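Chains as they are written, first to last, in this note's numbering: chain A, 1 to 782; chain B, 783 to 1055. Idealized CB from N, CA, C, for every residue including glycine. Model, not experiment: these values are computed from the prediction. Quick notes on the structure that follows.
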């Protein structure tokens, strides 16, 4: 295979890009030549020209608009100039684009619409609405698409009725894009005209998809009316319903929508199931999702069979979980003689005690993975009567099964555990005794002391080490003597286990033994000794810990950094600020963790710098460290990280921002939310319910406009919190028409108590005509 | 077991370590699955802190054996007999028949075979066509444990799914209480060997193949590594040989000189003649 060579500039391209850099410095004087380079055959050169023209701001607008209107020498040059205007730093572009939209040449007018849409220029709204009636289809379509870009939820309310008129006009080229834009708008007035297209074979399928995109419970009846049709239609409807559920979750209407679907689909379950064979993966996923949200246990075998389909496995698992959660049903029983491959996927989904007998039966299955998952399931469902069987499973030849059984016994609090554990300690095989020691270490069984003490002398090092951990967990003062003795054991592994145990036990005698361990010959003994001193906050060990910063073993040095961080002394601070410059990335990270544990202002610039560059783990650690600081700069850094190209960093930053209730944090989240897709994690971060968060969102909602009202209202609605719902009602008094529209839509979508009366009042009395019309649409469908 | 929770930071350092060692790529969306396997493995080794385990792997694993053991625990071994059967039939009926007609014999490499069900299925199809003795089948996998199990010829019950072809299964497989046994003739037809797809020298030593199977494996690697691996597989092709990937996979987006051919609703990637 010829590996594609890396994209490298030719010398000629490099020269043209350097010329572009020179032209930028010239300002307006360089614009004509830059416009020439906008049509360059090299994509890379064109991109540089676009960036340059955009960066010139006001200096280039007039020339670019004039060029678009009068020259238009090539398609790629046109595209480049449109890009430049769309991304220009100058706010005046919007006004210039409105003028372009009024140009007599349709192609120019269309470019104007595109620019307004890409800039989300709300000031272009009247011109774009007017352009819906343009005689040229391309201009009208560009205007439609631009309207759809003006807000997160699509077209502003003022565009709804003109767009409805386009849809009702049924122009082939205009109605389809108008359908899509209307559907995404979240405006309840959109549902009826879209549903009216279901009777038109030309628009039917697109109308189905559009109804799904509304995310509105109002769309459910017209969609479900098609479930008596052929299977292909049923699959499209299911896809739309799945989309509808997803979108309703964003608007806070999820519960209401699922309830409505449950009722609407009761007589159509068979049709949905029958549509599965032959469906493509996305359709299967949609069908399964809908069945899981709305069906009963009768569809369980169908969903379980889908677990064997890699393309839809995750969706099927979610559907089964939703079903089981909603109906408290047994999962294994209804499956009968299920394929072993199906069973192994279903068992982790079991959450009901009703499945206990069937799960216990699986402990003898020939498949070790099934046996292990059965152990885990028994713990999850709390079947304490299975403890005896689980003790038997400790002897399983498969270590995963034995470990799972031990973990399950630890989780299940049974009176049977202690006596059985003691018995197995006395007579069990080495493998069983290892697992039992884990159980004893977890539960700290006092009666087991003698047996555990004896096990510390076992020739099997694994048993001896596990016994040491168990000794530490037993609240018996003799344990201190045992550990002190074993701290001098010949085997390094045992001494290391003692150091770990001392840290967990935390007795008065631990400090001395741990300090002695810091000087051990074995690096891992030193590691756990150092770690233990840090965990116990043993300040007296600071000199020894400082010495370990120069240990030959890097992990001991790291443990020393971590331990000093916990002590939070001046000497520790010096050590951390030095270690943060280490050549070893793990040492640097350990230092950053330490710096992040205490809200010292002096740590802020170090953490900020680390959050901006370097490997992902370092940046994540730095972000977490910043989160404990209270400076305003922290919110700025988190907000910047929340827009990072790295998804894990974005998610971490959003999560950390989501935990803060300062107005600046909320503003940062809202700024991101209004330009993010509906499934972006920012929306979840925004809707964490707390009194301070609700108050902050309510305050912001009172001042909201067209661009952010729906985002804020949806955030409050998603909280499903009475205080948040009350805040929505309150916002009706203080807010703008955009706020009242958004709140009315949210309250109706949630089916909140009192919403009907409130929306009816708005429909009759609100001073704003758009508010009255939106509310009327909500009332009409109630 | 609070300390065996895989935080995003721990995921970042562990996944980087694993990817560097054996190429397995874990997306943040895979964090839960990765964390579950990692935690189980670390707990079995006696660690109550994933960070302790990380330092062991990073600083105290001179021969890489601990990292190798972790990689084996992480690698997904989901495979079963007759999985994606139609493309295998096409490989036999079109490509292997042709290669045998031209040269008398053919060679097949099942790269990343896990516990061997795929190459064994291929062997069954060849036996049906009377061609088993004319084809050399080599099957490799990163996991020595999986290769050991493949050599035993004993497979779990999940290796035979409910929709399997009954006649083939009846002829070449024996169902027992514990699972499925492969008939000796089929078992003998496949040579199993441990091999890391990142090991250039080992791959070069394998020679040239008429068919290379690499199905439902590339999804576990980063795009950059996929390009490198596909390059290695391509170099292992005999003139006009083909690479077969999983039905939901495609090599087209990686920029390859292989020619994509569609046969019977399946796609194959043919090397230069």
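Between the CA atoms of residue j and residue i - distance to the nearest angstrom
| i | j | result |
| --- | --- | --- |
| residue 801/B | residue 992/B | 30 Å |
| residue 79/A | residue 344/A | 54 Å |
| residue 938/B | residue 962/B | 6 Å |
| residue 551/A | residue 520/A | 12 Å |
| residue 960/B | residue 288/A | 33 Å |
| residue 171/A | residue 201/A | 14 Å |
| residue 398/A | residue 430/A | 14 Å |
| residue 761/A | residue 165/A | 27 Å |
| residue 13/A | residue 51/A | 16 Å |
| residue 16/A | residue 233/A | 55 Å |
| residue 928/B | residue 972/B | 14 Å |
| residue 841/B | residue 320/A | 43 Å |
| residue 1003/B | residue 835/B | 23 Å |
| residue 352/A | residue 564/A | 47 Å |
| residue 98/A | residue 611/A | 42 Å |
| residue 790/B | residue 1034/B | 32 Å |
| residue 788/B | residue 831/B | 10 Å |
Range covered by the beta strand (DSSP E) that runs through residue i
| i | result |
| --- | --- |
| residue 1049/B | 1048 to 1052 |
| residue 1023/B | 1019 to 1026 |
| residue 260/A | First-last for residue 260/A: 254 to 264, but that is the alpha helix (DSSP H), not the beta strand (DSSP E). |
| residue 889/B | 888 to 893 |
| residue 89/A | Per DSSP, residue 89/A belongs to no beta strand (DSSP E) and is neither H nor E. |
Nearest-angstrom beta carbon gap, residue j and residue i [assumed within contact, 8 Å]
| i | j | result |
| --- | --- | --- |
| residue 35/A | residue 63/A | 7 Å |
| residue 122/A | residue 181/A | Actually they do not touch by this definition, with Cβ atoms about 15 Å apart. |
| residue 204/A | residue 211/A | Contact doesn't hold; Cβ gap of about 11 Å is too wide. |
| residue 979/B | residue 1014/B | 7 Å |
| residue 609/A | residue 629/A | So it is not a contact: roughly 14 Å between Cβ atoms. |
| residue 576/A | residue 542/A | Contact doesn't hold; Cβ gap of about 13 Å is too wide. |
| residue 117/A | residue 88/A | Not a contact, Cβ separation roughly 14 Å. |
| residue 1027/B | residue 996/B | 6 Å |
| residue 24/A | residue 56/A | 7 Å |
| residue 713/A | residue 687/A | Not a contact, Cβ separation roughly 11 Å. |
| residue 1049/B | residue 1042/B | 6 Å |
| residue 709/A | residue 738/A | 4 Å |
| residue 376/A | residue 408/A | 7 Å |
Buried versus exposed, by CB contacts within 10 Å (16 or more), residue i
| i | result |
| --- | --- |
| residue 524/A | buried |
| residue 891/B | buried |
| residue 998/B | buried |
| residue 811/B | exposed |
| residue 1001/B | exposed |
| residue 531/A | buried |
| residue 783/B | Only weak support exists for where residue 783/B lies, its pLDDT of 36 falling under 50; the value from the coordinates is given anyway. Exposed, by the Cβ-count rule. |
| residue 823/B | buried |
| residue 804/B | buried |
| residue 275/A | buried |
| residue 1040/B | buried |
Residue span of the alpha helix (DSSP H) that contains residue i, given as start and end
| i | result |
| --- | --- |
| residue 960/B | No alpha helix (DSSP H) contains residue 960/B, which DSSP labels as neither H nor E. |
| residue 222/A | 220 to 224 |
| residue 1003/B | Here residue 1003/B belongs to no alpha helix (DSSP H), and DSSP marks it neither H nor E. |
| residue 417/A | 417 to 427 |
>> Under 7 Å, CB to CB, which of the residues in the region 328 to 357 of chain A have a partner in chain B?
In response: 339, 340, 341 and 344
> Between the region 648 to 665 of chain A and chain B, which residues of the former have a C-beta closer than 8 Å to a C-beta of the latter?
Replying inline: 648, 651 and 652
>> Give me the subset of the region 286 to 306 of chain A whose CB atoms are less than 7 Å from a CB atom of chain B, sorted by chain position.
In response: none
> At a Cβ cut of 7 Å, what residues of the region 586 to 600 of chain A count as close to chain B, listed as they run along the chain?
Replying inline: 586
> Listed from N- to C-terminal order along the chain, which residues in the region 370 to 402 of chain A have their beta-carbon within a distance smaller than 8 Å of any beta-carbon of chain B?
Replying inline: 399 and 400
>> Beta carbons nearer than 8 Å to chain A: which residues of the region 941 to 959 of chain B have them?
In response: 943, 944 and 959
> If you measure beta-carbon to beta-carbon, which residues of the region 1028 to 1053 of chain B are closer than 7 Å to chain A?
Replying inline: 1030, 1037, 1038, 1039 and 1040
> What are the residues of the region 610 to 623 of chain A that lie near chain B, defined by any Cβ-Cβ distance shorter than 8 Å?
Replying inline: 615, 616, 617, 620 and 621
> Closer than 9 Å, Cβ to any Cβ of chain A: which residues of the region 850 to 872 of chain B, in chain order?
Replying inline: 860 and 862
> If you measure beta-carbon to beta-carbon, which residues of the region 926 to 939 of chain B are closer than 8 Å to chain A?
Replying inline: 938 and 939
> Quick one, which residues of the region 541 to 555 of chain A are near chain B if we go by CB-CB under 8 Å, in chain order?
Replying inline: 553, 554 and 555
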